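**Q** Have a look at this one before I ask anything.
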Amino acid sequence: MDQKTFERGREIRSAVLGKEFVDNAFKTADDFNRPLQELVTEYCWGAIWGREELPRKTRSLLNLAMISALNRPHELKAHIKGALVNGVTPVEIREVLLQVAIYCGVPAAVDSFRIAREALAEQEAAKTKA
Numbered sequence: 075m076d077q078k079t080f081e082r083g084r085e086i087r088s089a090v091l092g093k094e095f096v097d098n099a100f101k102t103a104d105d106f107n108r109p110l111q112e113l114v115t116e117y118c119w120g121a122i123w124g125r126e127e128l129p130r131k132t133r134s135l136l137n138l139a140m141i142s143a144l145n146r147p148h149e150l151k152a153h154i155k156g157a158l159v160n161g162v163t164p165v166e167i168r169e170v171l172l173q174v175a176i177y178c179g180v181p182a183a184v185d186s187f188r189i190a191r192e193a194l195a196e197q198e199a200a201k202t203k204a
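Here the working numbering is used: the first residue of the sequence shown is 75, the next is one more, and so on.
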C-alpha cells in the first residue's frame with residue numbers, strides 16, 4: 075500500500091462522506107473486510123478522487139449516475155450526502171436521476187429517487203438539529 079495515497083484518500087473520503095462515516099468504516103472493519111476498506115480508501119479516494127482533472131462536484135454527479143445504474147442503494151445514499159457536501163444541489167440530483175430513468179431504466183430511477191428523498195430528508199433533519 076502506498077501510504078501517501080492512502081492518507082490522501084482518507085482525507086478526501088472524510089471530507090466528502092464525513093469523518094464519522096469513515097472512522098466508523100475502519101473501526102468496525104475486521105480481518106476479513108479491512109483490506110477492502112484500505113483498497114477503497116487508497117485507490118478509489120486517493121488515486122482517483124485525488125486527481126485534479128475533474129472537480130469533486132463533477133465526480134459526485136458521475137458517481138450518482140453510475141451507482142444508480144448499478145442499483146446500489148447503500149452506496150447511493152452515502153454519495154448523495156457527499157454530493158451535497160461537494161456543492162451538488164437537490165435539483166441537480168433530480169436531473170441526474172431523471173437521466174438515469176431514460177438511459178438505465180425506470181426501475182433504477184424509481185429506487186434512486188426513493189433513496190435520494192431519504193438522504194435529502196436526513197440531511198435536512200441534521201441541519202435542523204445543528
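Just so it is clear, CB atoms sit at the ideal spot from N, CA and C, and this is done for glycine as well. It should be emphasised that the depicted structure is a prediction, and the values quoted were computed from it without experimental measurement.
What whole-angstrom Cβ distance do Asn160 and Arg130 have, given they're in contact under 8 Å?
**A** By one-based count along the sequence shown, residue 160 stands at place 86. By one-based count along the sequence shown, residue 130 stands at place 56. Yes, they are in contact, since the Cβ atoms of Asn160 and Arg130 sit about 4 Å apart, within 8 Å.
**Q** To the nearest angstrom, how far is it from the Cα of Val87 to the Cα of Ile176?
**A** Position 13 of the sequence shown, counting from 1, holds the residue named residue 87. Position 102 of the sequence shown, counting from 1, holds the residue named residue 176. One point to set straight first is that residue 87 is Arg, not Val, in the sequence displayed. When rounded, the distance between both Cα atoms is 30 Å.
**Q** Over the uninterrupted alpha helix (DSSP H) stretch that includes Glu116, give me the two end residues.
**A** Counted from its first residue, the sequence shown places residue 116 at position 42. Note, Glu116: premise wrong, no alpha helix (DSSP H); not H, not E.
**Q** Only counting runs of 3 or more residues, tell me where the beta strand (DSSP E) segments fall wholly within the segment 152-185, in order along the chain.
**A** You should have found no qualifying run.
**Q** Taking only runs that begin and end inside the segment 83-114, name each unbroken alpha helix (DSSP H) of 4 or more residues, in chain order.
**A** With a minimum length of 4 residues, the continuous alpha helix (DSSP H) runs that stay inside the segment 83-114 are 93-101 and 108-113.
**Q** Tell me the DSSP secondary structure of Met140 in three-state form.
**A** Within the sequence shown, residue 140 is the residue found at index 66, counting from 1. In this structure, Met140 counts as helix in the three-state DSSP scheme.
**Q** Classify His148 as buried or exposed, calling it buried when 16 or more other Cβ atoms lie within 10 Å of its own Cβ.
**A** The residue given as residue 148 occupies position 74 in the sequence shown. By the 10 Å Cβ count, His148 comes out exposed.
**Q** Please return the same chain residues whose Cβ sits closer than 7 Å to the Cβ of Ala143, not counting the five positions on each side in sequence.
**A** What you label residue 143 is simply residue 69 of the sequence shown in a count that begins at 1. If we look at Ala143 and ignore the five residues flanking it on each side, its Cβ neighbours are Val174, Cys178 and Ala182.
**Q** Counting pairs of Cβ atoms below 8 Å between the segment 119-127 and the segment 156-171, do you hit three or more?
**A** The segment 119-127 vs the segment 156-171: no contact.
**Q** CA-CA distance, Gly92 and Val180?
**A** Residue mapping note: residue 92 aligns to position 18 of the sequence shown, counting from 1. Residue mapping note: residue 180 aligns to position 106 of the sequence shown, counting from 1. The straight-line gap from Cα to Cα measures roughly 31 Å.
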